[in-house]
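First up is the structure itself, then whatever we jot down about it.
2 protein chains.
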Amino acid sequence: MAETGPSVFSEVELHTFCSDVFTMLGVPEEDALTAASVLVLSDLRGIDSHGVARLPAYVQMLQAGRINPRPNVRTIRETPSTATVDGDNGLGLVVGPQANRVAMEKAEQAGSGWVTVRNSNHYGIAGGYVMEAAERGLIGWSMTNTTRMVAPLFGAERMLGTNPIAVAFPAGEEPPVVIDMATTAAAFGKVEMARRKGEQIPPGWALGGDGLGTTDPVEMMASGALLPLGSTRELGGHKGYALAAMVDLLCGPLAGANWGPFTPAFTLQYADPTRSVGEGLGHLFGALQVEAFLDRDEFGRQVDDWIRTMRGTRPAPGTSGPLIPGDPERLAEADRRQNGIPLIGPVVQELEEVARQTGVSLR
Amino acid sequence: MAETGPSVFSEVELHTFCSDVFTMLGVPEEDALTAASVLVLSDLRGIDSHGVARLPAYVQMLQAGRINPRPNVRTIRETPSTATVDGDNGLGLVVGPQANRVAMEKAEQAGSGWVTVRNSNHYGIAGGYVMEAAERGLIGWSMTNTTRMVAPLFGAERMLGTNPIAVAFPAGEEPPVVIDMATTAAAFGKVEMARRKGEQIPPGWALGGDGLGTTDPVEMMASGALLPLGSTRELGGHKGYALAAMVDLLCGPLAGANWGPFTPAFTLQYADPTRSVGEGLGHLFGALQVEAFLDRDEFGRQVDDWIRTMRGTRPAPGTSGPLIPGDPERLAEADRRQNGIPLIGPVVQELEEVARQTGVSLR
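Structural data, given as structure tokens:
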């Protein structure tokens, strides 16, 4: 398929389009605005794979009745510093922000707040939740399990999701430190991109259907699996697998959600899991109140000093030196807020198809 | 130096030796027993680098007056689910277990417990603390920052420690899942072992003094640095760096301890940091009460199912299939409890030197 160059949209255009589409599909207006904000934030941060490019998949799931547009999200168990939230099969983009709020409120009251979520769906970028915590002066955590895509070390098939971990730390004068990472060697979006361009992928990213390493993105996507962070035993692949396991155990068994190979399919194209071991997809949100541990000002000064110290590291030859986690996304956000969000041709075409189906105009 | 074969010691022999040595150096008996237990557990679990092999370093530090043998470990700030503990420059092996207990008690009372520790020293294996939590039916976390040894991605010098993360999940009938991992591609002990054997190390483990990759363990140890998990940008080295940063920010700035390149030297051989930015070394202990989220029995059944499902993964060619995090250490422990703990010649010689200095007989 011939690809046209990117079209540039403003944040407002995309936000309005997404929220109008969600509303048209039965999502209450306030929830539709929230869900649109989560999606567009991803595009603003330069994480194109998790932004409006995913709207068509959410639309499909809503149209097929696989996601509940009007969930009754409720806390079904709680202690002073924890809660279990049932998302009532709502959009993860709606359930996630509500559950995250519970975690932040608990942290403000009891020092820390930890909230598991069951019966949810894909919740957008993990980093958005923890940025909200950092804006409130809290240290935030966010994790989710996801559709199976990753082989455990020494495994030959997809058993775990890309299971991201996000953590953010508020600073003083410096911008917050924002970590947002899949527990794989490389993001699935990079494999998709290589396929689109007809390029090979580096060794260490993926297995083929035979359980051996592959550099062919088509083979990975058809029958293979992503490798955990660390890639091989020698380079610590058991550690990436352990991190993915941690996320899965927290978001699955502890939350009462499905886990491992039984997590629900993200889109209608994927096969349904062979059995159900819980309700929907699961998340974990955590927050720590800084003042619970030491004075907020002192913490801010120390984090500023930490950031500046790391920036002052002697650079490796051929590099400009270490970045601070969150730097690339923050720079992308500054650029895109000013210059707009570029969308590649195929994404625009899919959004235009959504526009035709729903009667909401793209712009 | 010619090396003799390993000598085998019983758990009791090593525990008695270590606790007697600590007592001789002014550590109160109860603390000496605790510290010895932490060290010997590491040997039992097969993590030889963090066990009695480190006793000489602790002895040096105590003899030099660099560690306080009789610390007044106290909570200096707290909320229902958090605390900040000041270790009074005691042995990490003594401070760690006390602070971990505070975290577990908070979790039992408020659903979760999160405790930072400042003014401590190296605390042994991270995994021991979370195993204790799992035995109490809690999900446990443990992290510590450590002496600088690791370059951030795109850095050419040691700025962070190997900063381990440990997490354990209690199961039902199955043994607990125990994750205990440095946030580096490979453990420093493996580099030491390669040097001892005169072997090269694989690409992706380390940088030389010039900030470029090296396969020479001597160069890494003399002037280089370890690489974070993921090793290179292409394979996700920014993620390992981000994890090391997370541990450092929690155990340093949040705890009021030193951080990054300013963490205290582990032994007298290392140079002291150029400035002080906090007190001693820092740790973080966390615990979640399972019942706070769902019924303990249901959780146990799900974790058992999870473990068996992962064990049932189709194996990658040439492997026996995925392990569960903690498997290798559990098997080592079963073996060593029965057959004793083998110590290599150089370690025995160092312990004999400690025996001579302190007048405590090795056996």
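Listed in order, the protein sequences are those of chains A and B.
As numbered in our numbering, residues 264 to 626 make up the first sequence, in order.
As numbered in our numbering, residues 264 to 626 make up the second sequence, in order.
Even for Gly, the Cβ is constructed at its ideal location relative to N, Cα and C.
What does the alpha-carbon distance come out to for the pair residue i and residue j?
i      : j      : result
I607/A : C281/A : 17 Å
Q612/A : I339/A : 42 Å
P427/B : V380/A : 27 Å
M264/B : R458/B : In this predicted model, M264/B has a pLDDT of only 43, less than 50, meaning its place in the structure is not dependable; the value taken from the coordinates is given anyway. Roughly 12 Å separates the two Cα atoms.
V623/A : Q323/A : 15 Å
A362/A : T526/A : 20 Å
P439/A : F562/A : 12 Å
E616/B : T572/A : 40 Å
G391/A : S539/B : 34 Å
M367/B : V357/B : 16 Å
T342/B : Q565/B : 32 Å
S300/A : L531/B : 54 Å
L401/B : A431/B : 8 Å
G403/B : A316/A : 38 Å
R399/A : S273/B : 53 Å
D560/B : D567/B : 11 Å
A518/A : T425/A : 18 Å
L325/B : Q463/A : 56 Å
Using the rule of at least 16 other Cβ atoms within 10 Å of the residue's Cβ for burial, across every protein chain shown, is residue i buried or exposed?
i      : result
N521/A : buried
D558/B : exposed
Y321/A : buried
N335/A : exposed
N352/A : buried
D535/A : exposed
N602/A : exposed
R628/B : Residue 628/B falls outside the range modelled here, since chain B spans only 264 to 626, and no answer is possible.
Y533/B : exposed
E292/A : exposed
T446/B : buried
V441/B : buried
A449/B : buried
V271/A : exposed
E542/A : buried
Y504/A : buried
V413/A : buried
T297/B : buried
V275/A : exposed
A429/B : buried
R308/B : buried
P433/A : buried
Hey, out of the options, whose CA is closest to residue i's CA?
i      : options                        : result
K460/B : D479/B, A469/B, T446/B         : D479/B
P415/A : T621/B, Q361/B, T345/B, P585/B : P585/B
R599/B : P269/B, D306/B, D283/B         : D306/B
R411/A : E371/A, G309/A, L489/A         : L489/A
L513/A : V553/B, V540/B, L492/B         : V553/B
S344/A : E293/A, G549/A, S486/A         : G549/A
I330/B : I464/B, F529/B, W377/B, G309/B : F529/B
T286/B : L318/B, H313/B, L304/B, S270/B : L318/B
P269/B : L302/B, V303/B, D311/B, L296/B : D311/B
G359/B : A419/B, S583/B, N382/B, G523/B : N382/B
G355/A : V290/A, L498/A, W377/A         : V290/A
G476/A : A579/B, G309/B, A595/B         : A579/B
V378/B : L614/B, P591/B, G545/B         : G545/B
E654/B : A485/B, G519/B, G376/B, G374/B : Residue 654/B lies beyond the stretch modelled for chain B, which goes from 264 to 626, so this question has no answer here.
W468/B : E497/A, E462/A, M444/A         : E497/A
Is residue i near the ligand SAM, in the sense that its beta carbon is under 7 Å from a heavy atom of that ligand?
i      : result
G503/A : As presented, the structure is devoid of all ligands, the ligand SAM included, so that no description of it is given.
Between which two residues does the alpha helix (DSSP H) carrying residue i extend?
i      : result
E293/A : 292 to 307
S486/A : 480 to 486
R619/B : 608 to 621
G493/B : Element bounds for G493/B: n/a, residue is neither H nor E.
G500/A : 500 to 514
G376/B : Premise fails: G376/B lies in the beta strand (DSSP E), 375 to 383, not in any alpha helix (DSSP H).
Y386/A : From DSSP, Y386/A is part of no alpha helix (DSSP H); its letter is neither H nor E.
Can you tell me where the beta strand (DSSP E) holding residue i begins and where it ends?
i      : result
S282/A : No beta strand (DSSP E) holds S282/A; the alpha helix (DSSP H) holding it covers 274 to 287.
L401/B : 401 to 407
A636/A : With chain A running from 264 to 626 in the structure shown, residue 636/A is simply not present.
Fill in: beta strand (DSSP E) segments (min. 3 residues) lying fully within the segment 439 to 474 of chain A
Correct list: 440 to 444.
Worksheet item: Where in the segment 531 to 606 of chain B do unbroken runs of the beta strand (DSSP E), each at least 3 residues long, occur, reported from the N-terminal end onward?
Response: Here the runs fully enclosed are 544 to 552, 604 to 606.
Worksheet entry | Uninterrupted alpha helix (DSSP H) stretches inside the segment 302 to 356 of chain A (no shorter than 4 residues) | Counting whole runs of 4 or more residues, the segment 302 to 356 of chain A contains the alpha helix (DSSP H) stretches 318 to 326.
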